[in-house]
Amino acid sequence: MSAPPVTVLTATPEEEAAIRQAVRTADPALISPGARVAGPEHIAGLVELLSDETVSGPIYDIPRPIDAGRIGAWVARSRRLREAGEALLTVTLDQNGKVAAYSRFTVWPERSSAELAGAQRADRQNSGHGTEGAARSFGFMFEVLGVRLVGLTAATDNIRSARVIEAAGFTPMGERLSRLPDGGSRPSLYWEMTREDWLTSRRLFNVGDNDKT
Ligand SMILES: CC(C)(COP(=O)(O)OP(=O)(O)OC[C@H]1O[C@@H](n2cnc3c(N)ncnc32)[C@H](O)[C@@H]1OP(=O)(O)O)[C@@H](O)C(=O)NCCC(=O)NCCS
283 MSAPPVTVLT ATPEEEAAIR QAVRTADPAL ISPGARVAGP EHIAGLVELL
333 SDETVSGPIY DIPRPIDAGR IGAWVARSRR LREAGEALLT VTLDQNGKVA
383 AYSRFTVWPE RSSAELAGAQ RADRQNSGHG TEGAARSFGF MFEVLGVRLV
433 GLTAATDNIR SARVIEAAGF TPMGERLSRL PDGGSRPSLY WEMTREDWLT
483 SRRLFNVGDN DKT
């Protein structure tokens, strides 16, 4: 179950409304050209992608066991949450139209905060481009969705994720327990970063107003 950041921010009503609107309307193709909002037509591809343990194993907030019913419900729930401005589930298609990656952005507009989980298909892992790809997703959250805080978790043995997250400048904040959909829990490494720090170190998208607050 996605958990909001440890640090608690309070958004103004205007900021909260702007974030909700951004989540409803943001174009995932900004992150990567093949990325789009996940719909019913992607359920079979997501099941295939996530059935591979090297893809989904490190991720705590995917419905399990992975099957078309649960993934279909997750896609539908994510679309409802997108309309509410609180989540965005995207898939990236390869040149054959197959689902090759996914990202799930969870947003707490009233706290101006977001979280991200995602994975690449096995043949696209160890690409040497993980840092660059993740940075585009982080930029999307800070600069397009407009949140002021991002909290990230990774399994304690997920070296690649930790590298990617720290290369982007996130601050390690120790461990936290992640609640699993089956009611259990898992220890996770935990990081946070503010938009101010992100914008000081880099800016990927030129989207106008998001650096004003
Ligand atoms: C996490 C993920 C997106 C990273 O993408 P990737 O293309 O595999 O990553 P890269 O090959 O660019 O490697 C990322 C970094 O880890 C480093 N790395 C890889 N294996 C390593 C190892 N065994 N020890 C130390 N560093 C390692 C790489 O050198 C790279 O660092 P650098 O950019 O400083 O050189 C991808 O592996 C994935 O989808 N994994 C499965 C799902 C997952 O873990 N999702 C994240 C959940 S939080």
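Per the working numbering, the very first residue in the sequence shown carries number 283; after that it's consecutive. Positions of the beta carbon are idealized from the N, C-alpha and C atoms, including for glycine.
- Task: Decide if alanine 263 is buried, meaning its Cβ has at least 16 other Cβ atoms within 10 Å, or exposed.
- Result: Residue 263 is absent from the structure shown; the chain starts at 283 and stops at 495.
- Candidates Pro322, Asp464, Pro391 and Arg484, of which the one nearest isoleucine 353 by Cα: Pro322
- Task: Specify, as a first and last residue, the run of the beta strand (DSSP E) that arginine 468 falls within.
- Result: 467 to 476
- Item | Within 8 Å, strictly: CB atoms of threonine 393 and proline 286 | It should be noted that the sequence gives arginine, not threonine, for residue 393. Contact flag set, yes.
- Query: Are the stretch 409 to 425 and the stretch 324 to 340 touching, with three or more C-beta to C-beta distances below 8 Å?
  - Reply: By the criterion of at least three beta-carbon pairs nearer than 8 Å, the stretch 409 to 425 is not in contact with the stretch 324 to 340.
- Task: For tryptophan 356, I'd like the list of residues in its chain whose CB is within less than 6 Å of its CB, leaving aside the five on either flank, ordered along the chain.
- Result: Once the five neighbours on either side are set aside, the close Cβ partners of tryptophan 356 are Pro345.
- Query: For arginine 364 versus valine 319, is the C-beta distance shorter than 8 Å?
  - Reply: Yes; because the gap between Cβ atoms is below 8 Å, this pair is in contact.
- Residues in its own chain within less than 7 Å of alanine 399 by CB, not counting five upstream and five downstream? So the qualifying residues of the chain are Ile341, Asp343 and Arg386.
- Message: Just checking valine 389 against ligand 1 - is the residue's beta carbon closer than 7 Å to any of the ligand's heavy atoms?
- Response: no
- Pull up the distance between the alpha-carbon of threonine 413 and that of aspartate 349, whole angstroms please. 30 Å
- Message: In chain order, what are the residue ranges of uninterrupted alpha helix (DSSP H) at least 4 long that sit wholly in the stretch 382 to 467?
- Response: 412 to 421 and 441 to 449
- Message: For a quick check, are the C-beta atoms of arginine 406 and alanine 382 less than 8 Å apart?
- Response: yes
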